[in-house]
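**Student:**
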Amino acid sequence: MFNFNHKQIVGLMLCICLTLMLFPSLGFAADAKLNASAVSASSDDGNVPGNTVDGDLNTRWSANGDGQWIKYDLGSSKKVSYIKIAFYNGSTRTSTFDIQTSTDNTNFSTVQSNVTSTLSDALQTFNFTDVDPARYVRIVGHGNSSNTWNSYTEVEIYGDVSSSGTAVNVSTAAQLTTAINNATAGTTIVLANGTYNGPFSISNKNGTASSQILIRSANQSQAIISGSGGFTLSNSSYVTIQGLKFTNQGTAVALSSSDHNRITRNQLALATNTAATKWIVLNGTGSNNNWIDHNEFGPRHDLGQMISIDGSGGQVAQYTLIEYNYFHDADVQTSNGGETIRVGLSGLSMSDGFNTIQNNLFVNCDSDAEVVSVKSKNNTVRYNTFRNNSAQVTARHGHSDSFYGNFFFGDGAKASVGGFRIYGNDHKIYNNYFENLTSAAINIDGGDFDAGSAGTNYTSANLTAHWRVYRAQVTNNTVVNSTGSSLAVGLSFTYAPVDSVIANNIAKSSTGTLYNEAKTSNTVFEGNIGYGTTLNNASRTSAEIRNINPLFTTSNGLQKLSSTSPALDAAVGSYAYVTEDMDGQVRATKDVGADEYSTAPIVRQPLTSANVGPNAP
Numbered sequence: 033m034f035n036f037n038h039k040q041i042v043g044l045m046l047c048i049c050l051t052l053m054l055f056p057s058l059g060f061a062a063d064a065k066l067n068a069s070a071v072s073a074s075s076d077d078g079n080v081p082g083n084t085v086d087g088d089l090n091t092r093w094s095a096n097g098d099g100q101w102i103k104y105d106l107g108s109s110k111k112v113s114y115i116k117i118a119f120y121n122g123s124t125r126t127s128t129f130d131i132q133t134s135t136d137n138t139n140f141s142t143v144q145s146n147v148t149s150t151l152s153d154a155l156q157t158f159n160f161t162d163v164d165p166a167r168y169v170r171i172v173g174h175g176n177s178s179n180t181w182n183s184y185t186e187v188e189i190y191g192d193v194s195s196s197g198t199a200v201n202v203s204t205a206a207q208l209t210t211a212i213n214n215a216t217a218g219t220t221i222v223l224a225n226g227t228y229n230g231p232f233s234i235s236n237k238n239g240t241a242s243s244q245i246l247i248r249s250a251n252q253s254q255a256i257i258s259g260s261g262g263f264t265l266s267n268s269s270y271v272t273i274q275g276l277k278f279t280n281q282g283t284a285v286a287l288s289s290s291d292h293n294r295i296t297r298n299q300l301a302l303a304t305n306t307a308a309t310k311w312i313v314l315n316g317t318g319s320n321n322n323w324i325d326h327n328e329f330g331p332r333h334d335l336g337q338m339i340s341i342d343g344s345g346g347q348v349a350q351y352t353l354i355e356y357n358y359f360h361d362a363d364v365q366t367s368n369g370g371e372t373i374r375v376g377l378s379g380l381s382m383s384d385g386f387n388t389i390q391n392n393l394f395v396n397c398d399s400d401a402e403v404v405s406v407k408s409k410n411n412t413v414r415y416n417t418f419r420n421n422s423a424q425v426t427a428r429h430g431h432s433d434s435f436y437g438n439f440f441f442g443d444g445a446k447a448s449v450g451g452f453r454i455y456g457n458d459h460k461i462y463n464n465y466f467e468n469l470t471s472a473a474i475n476i477d478g479g480d481f482d483a484g485s486a487g488t489n490y491t492s493a494n495l496t497a498h499w500r501v502y503r504a505q506v507t508n509n510t511v512v513n514s515t516g517s518s519l520a521v522g523l524s525f526t527y528a529p530v531d532s533v534i535a536n537n538i539a540k541s542s543t544g545t546l547y548n549e550a551k552t553s554n555t556v557f558e559g560n561i562g563y564g565t566t567l568n569n570a571s572r573t574s575a576e577i578r579n580i581n582p583l584f585t586t587s588n589g590l591q592k593l594s595s596t597s598p599a600l601d602a603a604v605g606s607y608a609y610v611t612e613d614m615d616g617q618v619r620a621t622k623d624v625g626a627d628e629y630s631t632a633p634i635v636r637q638p639l640t641s642a643n644v645g646p647n648a649p
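Per our numbering, the very first residue in the sequence shown carries number 33; after that it's consecutive.
1) Work out the CA separation of T272 and H326 for me, nearest whole Å.
2) Please report the distance separating the alpha-carbon of S641 from that of T240.
3) In this structure, does DSSP put G226 in helix, strand or coil?
4) Can you give me the C-alpha to C-alpha distance between T426 and E402, rounded to a whole angstrom?
5) Between the beta-carbon of V404 and the beta-carbon of F435, is there less than 7 Å?
6) If you draw a straight line from the alpha carbon of D98 to that of N182, how long is it in whole angstroms?
7) Quick check on P646: buried or exposed, where buried means 16 or more other Cβ atoms within 10 Å of its Cβ?
8) Looking at the unbroken alpha helix (DSSP H) that takes in S492, where does it start and where does it end?
9) Quick one: what's K407 bridged to in DSSP?
10) Which of helix, strand or coil does DSSP assign to V511?
11) Could you check what DSSP says for G82 in three-state terms: helix, strand or coil?
12) Measure the alpha-carbon distance for S57 versus H292 and round it to whole angstroms.
13) If I'm right that M523 touches G478 with Cβ under 8 Å, what's the distance once you round it to whole angstroms?
14) Can you tell me where the alpha helix (DSSP H) with N213 in it begins and where it stops?
15) Give the range of the beta strand (DSSP E) segment to which L469 is assigned.
16) Closest to D651 by CA distance: which of Y114, K103 and W499 is it?
17) On the three-pair Cβ rule with 8 Å, is the stretch 118-129 touching the stretch 219-234?
18) Just verifying my parser: in three-state terms, what is the DSSP assignment at T555?
19) Which same chain residues, not among the five before or five after S485, have their C-beta less than 7 Å away from its C-beta?
20) Going by DSSP, name the residue or residues bridged to W101.
21) Assign S551 to buried or exposed, taking buried as 16 or more other Cβ atoms, counted over all protein chains shown, within 10 Å of its Cβ.
22) Any idea which residues DSSP pairs I580 with across the strands?
23) Can you tell me whether D291 is helix, strand or coil according to DSSP?
24) According to DSSP, is W499 helix, strand or coil?
25) Given this structure, state the Cα-to-Cα distance separating N146 from G230, to the nearest angstrom.
26) Would N420 and V449 qualify as a contact pair, given that the criterion is a beta-carbon distance under 7 Å?
27) Which residues does DSSP list as the beta-bridge partners of L393?
28) Here's the rule I'm using: 16 or more other beta-carbon atoms within 10 Å means buried, otherwise exposed. How should S492 be labelled?
29) So, at 6 Å on beta carbons, what are the nonlocal neighbours of S149 in its own chain, with the 5 sequence-adjacent residues on each side left out?
30) Closest by CA to V187, which one among G259, T84, V169 and A206?
31) Once you ignore the five residues that flank Y609 on each side, which residues in its own chain have a CB closer than 6 Å to its CB?
32) Does DSSP put W323 in a helix, a strand or coil?
33) How about N464 and N438: do their beta carbons lie closer than 7 Å?
34) Which residues does DSSP list as the beta-bridge partners of Y527?
35) For a test of the three-state rule: what should DSSP assign to Q365, helix, strand or coil?
36) Rounded to whole angstroms, what's the CA-CA distance from D136 to I256? Just pull it up for me.
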């Protein structure tokens with residue numbers, strides 16, 4: 033769990049505000065504090081349960097032993113979104129517990145298990161996927177890091193006071209089908225532990241922003257979707273699929289002409305298919321404003337995308353938010369078409385997507401040379417961590433995409449572990465960090481089709497080509513100890529990039545060519561630093577690329593600027609979009625590279641499996 037300081041909270045608030053601007057119609061109701069009408073417990077030592085709701089951090093409930101619980105009755109069914117707990121002696125020991133909910137005070141579902149607090153006496157927030165409906169919230173204690181006592185000084189529960197849905201418990205595929213057919217806004221379908229053979233159809237089912245239709249497991253990943261297919265949603269909205277384990281043949285979830293749906297905290301490890309298969313796909317007209325978060329994808333042994341954002345009629349699906357997912361272990365495929373995430377298709381590439389891929393972890397995704405393939409316009413790939421994937425993130429088709437704040441790591445031995453490869457117009461790549469890669473960190477590639485700087489009418493052959501790059505901006509990136517080219521211009525094909533910029537980057541390595549201009553172009557170089565091997569294979573001045581040791585220091589496993597680095601306050605040019613660094617720290621007088629030297633707290637850092645997937649905060 034995380035204990036955020038003031039600056040981190042400010043950063044998170046800015047991120048939330050930006051998310052709401054990018055996704056103005058996701059439509060999730062504001063949360064409020066929910067008052068308990070009654071508080072009870074399995075036992076106490078004279079420090080009674082009511083002490084946790086008296087607003088006084090100097091009183092507490094305490095009970096000794098693993099499995100002791102405290103329970104809050106909300107008086108009626110509500111939507112519960114998160115809880116806050118303050119712990120007795122919380123600054124000197126951590127406590128472990130489960131969070132459970134129930135509608136009937138008999139059957140409890142675990143929404144989070146083995147949660148561990150951080151060292152603080154203050155209220156700590158424990159977030160989970162919204163539960164709607166829930167009347168009872170139970171905290172089951174497993175002691176603390178010093179002994180077996182469970183001691184809480186205050187507990188607050190937050191959710192939507194106006195929400196009151198209907199719960200339907202199912203234990204068979206037939207019951208699940210019936211419950212889906214009968215579902216209306218506010219219905220929660222709870223799947224008991226067991227196997228449910230699909231496929232299942234959800235057609236013309238529409239919840240609302242404040243009263244969604246929820247299909248969830250009673251216990252995380254214990255309801256298994258098997259058989260020949262998963263869920264197909266058509267002409268449906270405000271449906272959430274939560275906490276399931278997908279092992280079926282074919283597709284897990286298909287959204288067709290469906291909007292404002294959520295796929296969250298599921299585990300996808302589908303059966304091997306003989307034909308290329310999309311695990312999650314968005315298609316049809318109007319499949320917009322969907323949210324895919326906190327899922328685990330993998331391992332995968334066959335061909336196809338784990339997530340494919342398609343569309344219809346020349347328009348890619350829009351405003352998809354993909355975040356906090358864990359993608360891992362996709363086997364090498366001999367055929368094209370195994371991208372982990374694909375955002376569009378060649379026939380949709382001239383349409384605006386406004387899709388965002390953020391805060392995801394990709395590990396050993398080797399099924400295609402493109403781990404993320406962007407094939408549409410105006411999309412954002414940010415704050416992700418890529419570890420040892422034999423692939424690159426590619427702006428394959430489309431224009432005006434942004435790639436920033438990402439971390440790329442290799443082991444220095446695995447082949448073809450790269451960063452970015454781009455085609456098309458007006459892309460921005462900045463604030464990214466690369467270490468121990470074996471392929472180009474950033475390649476502003478050559479093209480085999482020159483569409484010019486604008487235009488609208490193209491053949492299908494044109495749309496599938498590698499478009500000549502115009503006006504790419506590659507700024508404030510850091511590349512460390514990579515054996516391939518650090519920053520390259522035109523490694524493949526015929527047409528060199530036009531009117532592009534490489535500025536304020538740092539490349540340090542002992543092998544290869546740091547700034548590799550494979551093709552002669554009018555690319556502008558300014559304010560860059562290179563050190564340790566061949567600087568450049570063209571004639572560049574020191575104002576364009578300075579050959580000097582950036583004087584890194586190791587911090588949290590990353591090579592960052594030291595207080596004596598020549599990169600400090602040395603950035604040149606005007607790149608107004610570079611307002612913070614890879615850590616989320618504000619840039620004032622800007623430094624060269626992805627890192628801004630600062631003693632302020634770090635807002636973002638590389639992700640691990642603990643930060644993403646079904647069990648993450």
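Note that CB positions come from ideal geometry on N, CA and C, so glycine has one too.
Note that the structure is predicted; figures quoted are calculated from it, not measured.
**Tutor:** In brief:
1) Translated into positions along the sequence shown, residue 326 becomes position 294. Translated into positions along the sequence shown, residue 272 becomes position 240. Approximately 13 Å between the Cα atoms of the pair.
2) Taking the sequence shown and counting its residues from 1, the one referred to as residue 641 is at position 609. Taking the sequence shown and counting its residues from 1, the one referred to as residue 240 is at position 208. Straight-line Cα distance between these residues: approximately 33 Å.
3) Along the sequence shown, read from residue 1 onward, the residue named residue 226 stands at position 194. Looking at G226 - three-state DSSP - the assignment turns out to be strand.
4) Walking along the sequence shown from the start, residue 426 turns up at place 394. Walking along the sequence shown from the start, residue 402 turns up at place 370. Roughly 6 Å separates the two Cα atoms.
5) As a first step, residue 404 is located in the sequence shown; it is residue number 372 there, counting from the start. As a first step, residue 435 is located in the sequence shown; it is residue number 403 there, counting from the start. Taking 7 Å as the Cβ cut-off, V404 and F435 do not qualify as a contacting pair.
6) For this step, residue 98 is matched to residue 66 along the sequence shown. For this step, residue 182 is matched to residue 150 along the sequence shown. D98 and N182: Cα-Cα distance of roughly 8 Å.
7) The count along the sequence shown starts at 1 and reaches residue 646 at position 614. So P646 ends up on the buried side.
8) The residue labelled residue 492 in the question sits at position 460 within the sequence shown. Segment S492 to L495, the alpha helix (DSSP H) holding S492.
9) Residue 407 sits at position 375 when you count from the first residue of the sequence shown. For K407, which the question treats as bridged, DSSP gives the partners G376 and H429.
10) Against the sequence shown, residue 511 aligns to sequence position 479. In this structure, V511 counts as strand in the three-state DSSP scheme.
11) As a working note, residue 82 is residue 50 in the sequence shown. Helix at G82.
12) Here the question's residue 57 lines up with position 25 in the sequence shown. Here the question's residue 292 lines up with position 260 in the sequence shown. For S57, the pLDDT reaches just 43, beneath the cut-off of 50, and the residue's location in the model is therefore unreliable, although a value from the coordinates is still provided. Near 8 Å, if we compare the C-alpha coordinates of H292 and S57.
13) Reading the sequence shown from its first residue, position 491 is the one you call residue 523. Reading the sequence shown from its first residue, position 446 is the one you call residue 478. Going by the sequence as given, residue 523 is Leu instead of Met. Indeed they touch by this definition, with Cβ atoms about 7 Å apart.
14) Here the question's residue 213 lines up with position 181 in the sequence shown. Note, N213: alpha helix (DSSP H), A205 to N214.
15) Translated into positions along the sequence shown, residue 469 becomes position 437. Taken as a continuous stretch (DSSP letters only), L469 belongs to no beta strand (DSSP E), as it is neither H nor E.
16) The question about residue 651 has no answer, for the chain in this structure spans 33 to 649.
17) no
18) As a first step, residue 555 must be located in the sequence shown, where it is residue number 523. Coil at T555, not helix or strand.
19) By 1-based counting over the sequence shown, the position of residue 485 is 453. N457 and Y502.
20) Indexing the sequence shown from 1 puts residue 101 at position 69. W101 pairs with V172.
21) Taking the sequence shown and counting its residues from 1, the one referred to as residue 551 is at position 519. A small fix is needed here, since residue 551 is Lys in this sequence, not Ser. Result: buried.
22) Here residue 580 refers to the residue found at position 548 of the sequence shown. For I580, which the question treats as bridged, DSSP gives no partner whatsoever.
23) Taking the first residue of the sequence shown as 1, we reach residue 291 at position 259. Strand.
24) What you label residue 499 is simply residue 467 of the sequence shown in a count that begins at 1. Strand, per DSSP.
25) Within the sequence shown, the letter at position 114 stands for residue 146. Within the sequence shown, the letter at position 198 stands for residue 230. If I take the Cα positions, the gap works out to 31 Å.
26) Counting from one through the sequence shown, the residue named residue 420 turns up at place 388. Counting from one through the sequence shown, the residue named residue 449 turns up at place 417. A contact, by the Cβ cut-off of 7 Å.
27) Position 361 of the sequence shown holds residue 393. Per DSSP, Y358 and T417.
28) Along the sequence shown, read from residue 1 onward, the residue named residue 492 stands at position 460. It counts as exposed.
29) On the sequence shown, position 117 is the one that residue 149 refers to. Within the same chain, S149 has close Cβ partners F119, T126, S127 and Q156.
30) Here residue 187 refers to the residue found at position 155 when the sequence shown is read from its first residue. Among G259, T84, V169 and A206, the Cα nearest to that of V187 belongs to T84.
31) Mapped onto the sequence shown, residue 609 falls at position 577. So no residue of the chain qualifies.
32) For this step, residue 323 is matched to residue 291 along the sequence shown. The answer is strand: DSSP assigns W323 an E or B state.
33) On the sequence shown, residue 464 is found 432 positions in, with the first residue counted as 1. On the sequence shown, residue 438 is found 406 positions in, with the first residue counted as 1. Taking 7 Å as the Cβ cut-off, N464 and N438 qualify as a contacting pair.
34) Walking along the sequence shown from the start, residue 527 turns up at place 495. DSSP output for Y527 lists G479 as bridge partner(s).
35) In the sequence shown, residue 365 corresponds to position 333, counting from 1. DSSP places Q365 in coil when its eight states are reduced to three.
36) Within the sequence shown, the letter at position 104 stands for residue 136. Within the sequence shown, the letter at position 224 stands for residue 256. The alpha-carbon atoms of D136 and I256 are separated by roughly 24 Å.
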